[in-house]
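Protein chains in written order, with our numbering: chain B, 46 to 285; chain Z, 46 to 285.
Heads up, the beta-carbon is just placed ideally off N, CA and C, and yes, glycines get one too.
What follows is one structure encoded as structure tokens, with my remarks underneath.
2 protein chains.
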Amino acid sequence: MAWLVGAGGEEVDALSLRHALLALLEAGSMTGYELAKQFDNSVDYVWHARHSQIYPELRRLESAGLVRATDVPRGSKELATKRAYGLTREGAAELRRWITEIEAPPALRDSAYVKATYLEYGSAREAREQFRAHRAYHEQLRDRFERHVDLLERRATTLLRRRLAAAPPQAHEAIVAYKVHVYRGLIERAKTEIAWAERGIELVGRLADADPDGFSATDPILWPAPEREHSRTSSSVGRD
Amino acid sequence: MAWLVGAGGEEVDALSLRHALLALLEAGSMTGYELAKQFDNSVDYVWHARHSQIYPELRRLESAGLVRATDVPRGSKELATKRAYGLTREGAAELRRWITEIEAPPALRDSAYVKATYLEYGSAREAREQFRAHRAYHEQLRDRFERHVDLLERRATTLLRRRLAAAPPQAHEAIVAYKVHVYRGLIERAKTEIAWAERGIELVGRLADADPDGFSATDPILWPAPEREHSRTSSSVGRD
DNA sequence: TTACTCATGTAAGTAGTTACATGATTCC
DNA sequence: GGAATCATGTAACTACTTACATGAGTAA
């Protein structure tokens, strides 16, 4: 694992699950389960991960020396134990390194948009359904993000409270402000998607008016290809 | 592979690379290489894939019966061959099925946004750099998409020309319009990101004015965790 | 006693990445 | 003769998903 090298080798990967976990632990030590729960109503909105991914990742962080774990007894009878994770100095340093690192964003991979590119293969009704589903989904997201902004502004999440309690008072404004900025950004994103879907619905209407029968596309080009062009010799691939 | 079942089993996955390839083949038969090239300046904007992924995927599509391949001689001496792929009836049907299928969008996983959530760990300068990089990246994307919309509107890409040549004239408007709608949507998206980054830069400025020294965050909570619950004494910040 | 939450995982499989491998053909 | 590009891949690895497994503690 490239990011494990460090200390001389300095070949480091950027991976958000790791750093999201480190960031959560900045607010104080937690067990894997607690961490997973906190994850679910904070970072999970921007970086989704299943619990089954979080546990092994914590083990990896531990063996990389970025977190340290202790077995803590559970329950009154103390028959069972749980593992409490805490940041190490190296973990805190890695978190700060990651914050300052400029990452190349991953290439786009958006299924809804590739589908929309080929909507002419479906009927007007089907195209409309796609846009409607897109709108409904992003309306949900928008509402969820709005509720979250409200919680953050009222400093009403347990995680935020823990973090603020551990931070110097003059830092409180920044801590809240960056988080609010992120979720407001997500609200704007959602609104952009909703507007796109609505323009899509209008487009479907205009196209259906212009050509009521639509493009039923009953005549796909099957294999073997019919001779469309004479002299199939110099198939021009290049330049666009 | 669930999507391979079909014909009775009917357990089908939604995966865009497959369907993007099928969609490209609607415009006519192509070799793997030609397909990969066309991919690069069309679908790749919305669904990125490397060539090393495309070739095996074509083989899988072939063994699933969605495309059919023939060996075609290459060059004047005809010593080598290439494989030309074409849609089968099943492939065309699967493409249409996919268009009408409503997919659940994947959960969000956005590294830039999780990083922005924790920008208080860096300096104002570092925070600004993050937002500037974000803006620069999306300005590039916006420009690229604008150029692509222009090409589409002028019907100037080889792929679009081939597709239009193979489609009934009354369908031409819809074919172009959906593609333009997608790329205009991507332009709006990019603009939303640019605006977010700019508001971010303003925010950094306001926070720096309010607290010129910033939150240097020299005091992370390390392992073992101090007793948080009661008597939160700052003296007991952990040393490992 | 039952059901739920706490708590921690493993196994098998898919999708994608990076890096490498190989040889033919065409154009200058 | 050499460079670019045509053409088709393989191998090793990472991240993530789905589904399953197990058992303790707690409240009705």
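- By DSSP, does Arg187/B sit in helix, in strand, or in coil? Stepping through the first sequence from its first residue, residue 187/B is reached at position 142. In the three-state reduction of the DSSP assignment, Arg187/B falls in the helix class.
- To which residues does DSSP link Gly131/B through a beta bridge? For this step, residue 131/B is matched to residue 86 along the first sequence. Paired residue(s): Arg113/B.
- Query: Using the beta-carbon count (16 or more within 10 Å), is Gln175/B buried or exposed?
  - Reply: As a working note, residue 175/B is residue 130 in the first sequence. So Gln175/B ends up on the buried side.
- Message: Counting only Cβ-Cβ distances shorter than 9 Å, please list the residues of the segment 108-135 of chain Z near chain B, keeping chain order.
- Response: Across the segment 108-135 of chain Z, CB contacts with chain B closer than 9 Å involve Val112, Arg113, Ala114, Thr115, Ala129, Tyr130, Gly131, Leu132, Thr133, Arg134, in sequence order along the chain.
- Task: Could you confirm whether any beta carbon from chain Z is found closer than 8 Å to the beta carbon of Lys160/B?
- Result: On the first sequence, residue 160/B is found 115 positions in, with the first residue counted as 1. Taking CB atoms only, Lys160/B has a neighbour in chain Z less than 8 Å away.
- Assigned secondary structure, Thr126/Z (DSSP; H/G/I helix, E/B strand, else coil): In the second sequence, the residue the question calls residue 126/Z occupies position 81. Thr126/Z falls in the strand class under three-state DSSP.
- Item | Under 7 Å by beta carbon: chain B residues contacting Ser97/Z | As a working note, residue 97/Z is residue 52 in the second sequence. None at all; the shortest Cβ gap to chain B is about 14 Å.
- Query: How big is the Cα-Cα spacing for Thr263/Z and Ala210/B?
  - Reply: Taking the second sequence and counting its residues from 1, the one referred to as residue 263/Z is at position 218. Taking the first sequence and counting its residues from 1, the one referred to as residue 210/B is at position 165. With a pLDDT of 47 at Thr263/Z, under the threshold of 50, the predicted position of this residue should be treated as unreliable, though the coordinate-derived value follows. Between Thr263/Z and Ala210/B, the C-alpha separation is close to 15 Å.
- Query: Name the chain B residues whose beta carbon is nearer than 9 Å to that of Gly167/Z?
  - Reply: In the second sequence, the residue the question calls residue 167/Z occupies position 122. The answer, in chain order, is Arg141, Ile144, Thr145.
- Per DSSP, which one or two residues make a beta bridge with Trp92/B? Here residue 92/B refers to the residue found at position 47 of the first sequence. Arg154/Z, per the DSSP bridge assignment.
- Query: Of all the options Arg229/B, Arg170/B, Ala152/B, which has the alpha carbon lying nearest to the alpha carbon of Asp254/B?
  - Reply: In the first sequence, counting from the first residue as 1, residue 254/B sits at position 209. Nearest of Arg229/B, Arg170/B, Ala152/B to Asp254/B, Cα basis: Arg170/B.
- Test: His193/B CB closer than 8 Å to a CB of chain Z: Reading the first sequence from its first residue, position 148 is the one you call residue 193/B. At a cut-off of 8 Å between beta-carbon atoms, His193/B makes no contact with chain Z.
- Query: When the Cβ atoms of the segment 125-138 of chain Z are set against those of the segment 152-162 of chain B, are three or more pairs found closer than 8 Å?
  - Reply: A contact between stretches requires three or more CB pairs, one per stretch, nearer than 8 Å, and the segment 125-138 of chain Z fails this requirement with the segment 152-162 of chain B.
- Could you please give me the residues that DSSP links to Thr76/Z through a beta bridge? Along the second sequence, read from residue 1 onward, the residue named residue 76/Z stands at position 31. Answer is Ala129/Z.
- Task: Below 8 Å on the Cβ atoms is my guess for Leu140/B versus Val112/B; work out the distance and round it to an integer in Å.
- Result: Walking along the first sequence from the start, residue 140/B turns up at place 95. Walking along the first sequence from the start, residue 112/B turns up at place 67. Going by Cβ atoms, the distance from Leu140/B to Val112/B rounds to 11 Å, so no, they are not a contact pair.
- Item | chain B within 8 Å of Leu252/Z, Cβ atoms only | Position 207 of the second sequence, counting from 1, holds the residue named residue 252/Z. Look at Leu252/Z: its C-beta is under 8 Å from a C-beta on chain B.
- Message: So that I know if they touch, is there some Cβ in chain Z lying closer than 8 Å to that of Arg244/B?
- Response: Position 199 of the first sequence, counted from the start, is the residue given in the question as residue 244/B. So, interface residue.
- Query: Under a CB-based cut-off of 8 Å, is Asp188/Z close to chain B?
  - Reply: Numbered from its first residue, the second sequence carries residue 188/Z at position 143. Chain B, which has no Cβ nearer than 8 Å to the Cβ of Asp188/Z, makes this no.
- Just confirm the distance between the C-beta atoms of Glu88/B and Leu153/Z, as a whole number of angstroms; I'd bet it's less than 8 Å. If you number the first sequence from 1, residue 88/B lands on position 43. If you number the second sequence from 1, residue 153/Z lands on position 108. First, the amino acid is wrong: residue 88/B is Val here, not Glu. About 10 Å separates the beta carbon of Val88/B from that of Leu153/Z, a gap too long to meet the 8 Å contact definition.
- 6 Å CB neighbourhood of Leu186/Z in its chain, flanking five on each side removed: Within the second sequence, the letter at position 141 stands for residue 186/Z. Excluding residues within five positions, the ones whose Cβ falls inside 6 Å are Ala235.
- Message: Assuming contact is defined by CB atoms lying nearer than 8 Å, are Leu106/Z and Arg63/Z in contact in what I supplied?
- Response: In the second sequence, counting from the first residue as 1, residue 106/Z sits at position 61. In the second sequence, counting from the first residue as 1, residue 63/Z sits at position 18. Against a cut-off of 8 Å, the Cβ pair of Arg63/Z and Leu106/Z comes out as a contact.
- Message: Please list, in chain order, the residues of the segment 218-229 of chain B that have any C-beta partner in chain Z closer than 7 Å.
- Response: Cβ contacts with chain Z come from Glu218, Ala219, Ile220, Ala222, Tyr223, Lys224, His226, Val227.
- Message: On the criterion of 16 or more Cβ atoms from any shown chain inside 10 Å, does Ser97/B qualify as buried, or is it exposed?
- Response: By one-based count along the first sequence, residue 97/B stands at place 52. Ser97/B is exposed by the Cβ-count criterion.
- Please say whether Ala242/Z and His179/Z have beta carbons closer to each other than 8 Å? The residue labelled residue 179/Z in the question sits at position 134 within the second sequence. The residue labelled residue 242/Z in the question sits at position 197 within the second sequence. The answer is yes: Cβ separation under 8 Å.
- Task: Determine the DSSP secondary structure at Pro257/B, reduced to helix, strand or coil.
- Result: Numbered from 1 along the first sequence, position 212 holds the residue referred to as residue 257/B. Note: Pro257/B maps to coil in three-state DSSP.
- Burial state of Ala68/B (16 or more Cβ within 10 Å): Numbered from its first residue, the first sequence carries residue 68/B at position 23. Buried: at least 16 other Cβ atoms inside 10 Å.
- Message: With a threshold of 8 Å between beta-carbons, can Glu184/Z be considered close to chain B, or not?
- Response: Taking the second sequence and counting its residues from 1, one reaches residue 184/Z at position 139. No - not a single Cβ of chain B is within 8 Å of the one on Glu184/Z.
- Taking all protein chains shown into account, do 16 or more other C-beta atoms lie within 10 angstroms of the C-beta of Val117/B, making it buried, or fewer, making it exposed? Locating residue 117/B in the first sequence gives position 72, counting from the first residue. Sixteen is the threshold: since fewer than 16 other Cβ atoms of the shown chains lie within 10 Å of the Cβ of Val117/B, the residue is exposed.
- Message: Does the CB of Tyr163/Z have a neighbour CB from chain B at under 8 Å?
- Response: Indexing the second sequence from 1 puts residue 163/Z at position 118. Judged by the 8 Å Cβ criterion, Tyr163/Z is in contact with chain B.
- Query: So Thr133/Z packs on Gly110/Z, CB below 8 Å; how close in whole Å?
  - Reply: Reading the second sequence from its first residue, position 88 is the one you call residue 133/Z. Reading the second sequence from its first residue, position 65 is the one you call residue 110/Z. So it is a contact: roughly 6 Å between Cβ atoms.
- Item | Cutoff 6 Å; reference Ser61/B; Cβ partners in own chain excluding five residues on either side | To locate residue 61/B, count along the first sequence from 1; it is residue 16. Within the same chain, Ser61/B has close Cβ partners Trp92.
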